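Numbering (the working numbering), first residue to last: 529 to 853. Quick reminder that beta carbons are idealized off the backbone N, C-alpha and C, glycines included. Only a predicted model underlies this, so the values are computations on that prediction, with no experimental measurement involved. Step one of this worksheet: look at the structure below.
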């Protein structure tokens, strides 16, 4: 890939994920403030793998926003385009974790600093200095940040930058399902790489199987690389080389003890971006696709063994150890 200052730049939400961590002597929940937000989780994993990253977003000029800024700086993510809002508070999410590690969310975001990012606060210089630009849909839920996201994508296209998209659908943050679907399809229309969960694929295509959903997308959009995560069932990938579609699948790792699935999809997404950064987005074979999926599944499985995501991403050595088992 062309020499750039940054391997990846991401735009989106940076927030606090409050997760239960025991109870007090009085029987009250004790909540741990974990730094989170899907796009920044992706950057955290890429940084752990030795890639240079930077983040575009907005947090409140409050105790949580300042903590988030310091946290992502400390793990090596660039903050030159992280804006501090004097009017909006940092977005908070309360995460309920089920016994099997699956989660449900309650968001405190009305609208929240991340949804107040403005078009004129986006750095074109930063976007142009990246090899890959990554984005999701939480930065499309409100008109102000949606305009900023569309502008950032225009800049990425203008400078010929690969674009990675993960819908990361949170329906409770949308005014209605049709709006969410329309924005996801917009995001898909702009990307070079798509990471999508199985249930999200069904939501936007109306198709009951992955193959039908992929065919629906292939008929409408020209996306070289699509990966589909299936939770405990692993993942699959589809690479369009112009003439044929190469595909592969890989199971998940069942030997780890899952306690919190927060960030698993983001970790997976980051590892697929890592493969493209290492080897390019061309010349995928079935073997390369399967190896990339296996690596990404291993990393995603490891992050589920700890609470939170952004600050507990697995190292290359930890991933290698699990793969060798």
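Alpha helix (DSSP H) containing residue 554: first to last residue? Within the chain shown, the letter at position 26 stands for residue 554. Residue 554 -> no alpha helix (DSSP H), and no H or E assigned at all.
I need the boundaries of the alpha helix (DSSP H) containing residue 860, first residue and last residue. In the structure as shown, the chain starts at 529 and stops at 853, and residue 860 therefore has no counterpart that could be examined.
Between the Cα of residue 607 and those of 616, 621, 587 and 614, spot the shortest distance and give me the residue it belongs to. Along the chain shown, read from residue 1 onward, the residue named residue 607 stands at position 79. When each option's Cα is compared against that of residue 607, the closest is 587.
If we ignore side chains and look at the alpha-carbon of each, how far apart do residue 610 and residue 580 end up? The residue given as residue 610 occupies position 82 in the chain shown. The residue given as residue 580 occupies position 52 in the chain shown. Approximately 16 Å between the Cα atoms of the pair.
Going by other Cβ atoms of all chains shown within 10 Å of its Cβ, with 16 needed for buried, is residue 659 buried or exposed? Position 131 of the chain shown, counted from the start, is the residue given in the question as residue 659. Buried.
Taking 9 Å as the threshold (C-beta atoms), are residue 695 and residue 665 in contact? Taking the first residue of the chain shown as 1, we reach residue 665 at position 137. Taking the first residue of the chain shown as 1, we reach residue 695 at position 167. A contact, by the Cβ cut-off of 9 Å.
Assess, as a yes-or-no matter, whether the segment 821-830 is touched by the segment 782-800 under the definition of 3 or more beta carbon pairs within less than 8 Å. yes
Is it true that the CB of residue 742 sits closer than 9 Å to the CB of residue 766? Counted from its first residue, the chain shown places residue 766 at position 238. Counted from its first residue, the chain shown places residue 742 at position 214. Result yes, Cβ atoms of residue 766 and residue 742 sit closer than 9 Å.
With H, G and I counted as helix, E and B as strand and the rest as coil, what does DSSP make of residue 636? Position 108 of the chain shown, counted from the start, is the residue given in the question as residue 636. Strand, per DSSP.
Bridge partners - residue 845, DSSP secondary structure assignment: Position 317 of the chain shown holds residue 845. Answer by DSSP bridge pairing: none, since residue 845 is not bridged.
Beta-carbon separation of residue 563 and residue 594 under 9 Å? Taking the first residue of the chain shown as position 1, residue 563 is located at position 35. Taking the first residue of the chain shown as position 1, residue 594 is located at position 66. It is not a contact, given that the beta carbons lie outside the stated cut-off.
Under the rule that 16 or more other beta-carbon atoms within 10 Å means buried, what is residue 699, buried or exposed? As a position in the chain shown, residue 699 is number 171, starting the count at 1. Its Cβ having fewer than 16 others within 10 Å, residue 699 is exposed.
Within 10 Å of its beta-carbon, does residue 557 have 16 or more other beta-carbons around it, so buried, or fewer, so exposed? The residue you call residue 557 lines up with position 29 of the chain shown. So residue 557 ends up on the exposed side.
Beta bridge counterpart(s) of residue 756 as assigned by DSSP: What you label residue 756 is simply residue 228 of the chain shown in a count that begins at 1. DSSP, once it has assigned bridges, lists 724 and 764 as partnering residue 756.
Nearest to residue 597 (by Cα), restricted to the options 623, 565 and 577: Within the chain shown, numbered from 1, the residue matching residue 597 stands at position 69. For the residues 623, 565 and 577, the minimum Cα distance to residue 597 belongs to 565.
9 Å Cβ cutoff met for residue 612 and residue 539: Against the chain shown, residue 612 aligns to sequence position 84. Against the chain shown, residue 539 aligns to sequence position 11. No. Outside cutoff.
Do the segment 701-708 and the segment 733-753 make contact, defined as three or more Cβ pairs closer than 8 Å? no
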